[in-house]
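Residue numbers (the working numbering): 53 to 248.
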């Protein structure tokens, strides 16, 4: 049976190496096609170690971490995202950033994705945040690596109350599997208002 629980402080710091490995494994699949790099992961995840208001929601099968969702106040990522929110009317200090959700395929379809959002949104409300947001990579429908029958998560996100935020695009660069160089990918922000 999977147990899902929020982790902060020392508990959060302890699971970050496992979160890094999960990110590399899960994000290798479509649509991210991420050629993982543990050194990069360690640098990227450092912001969660440094933020007193960060959260990792862990999904455990016994003692093994099989999934994780992360989140921090949007200000922790303001350098990356400030431009994306410039003309949206949403102040970054009112937004909680639900950074990523990664879950091994064998554990999907059991409600863990909802638990990930429930716990991050509860954490955001406790911090006084009015909005929750995340971003997802945008790939062309005719991309040669798109699996046949692929169903995007848009329906799940919409059922959670999230909507794409018009004009709120960021860019991230990473190396796709088999590529020699990093390339920039567009990332679309989705947002929802958090009811008290």
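Positions of the beta carbon are idealized from the N, C-alpha and C atoms, including for glycine.
When rounded, the separation of the alpha-carbon atoms in residue 68 and residue 201 is 33 angstroms. As DSSP reads the structure, residue 116 sits in a beta bridge with 113. In chain order, 149 place their CB closer than 7 angstroms to the CB of residue 129, counting only its own chain and leaving out the 5 sequence neighbours on each side.
Between residue 207 and the set 165, 236, 232, the nearest pair of CA atoms involves 165.
If you check the CB distance, residue 188 and residue 234 do not come in under 7 angstroms. A Cβ-Cβ separation of about 24 angstroms leaves residue 213 out of contact with residue 191 under the 8 angstroms criterion. Under the criterion of beta carbons closer than 8 angstroms, residue 122 and residue 151 qualify as touching, at roughly 4 angstroms. The beta-carbon distance between residue 71 and residue 111, rounded to whole angstroms, is 11 angstroms. This is too long to meet the 8 angstroms contact definition. By the Cβ neighbour-count rule, residue 225 is exposed, with fewer than 16 other Cβ atoms within 10 Å of its own. No Cβ-Cβ contact shorter than 7 angstroms links residue 126 with residue 108.
Boundaries of the alpha helix (DSSP H) around residue 130: 130-137. For residue 67, there is no enclosing beta strand (DSSP E); the residue is part of the alpha helix (DSSP H) that begins and ends at 61-78.
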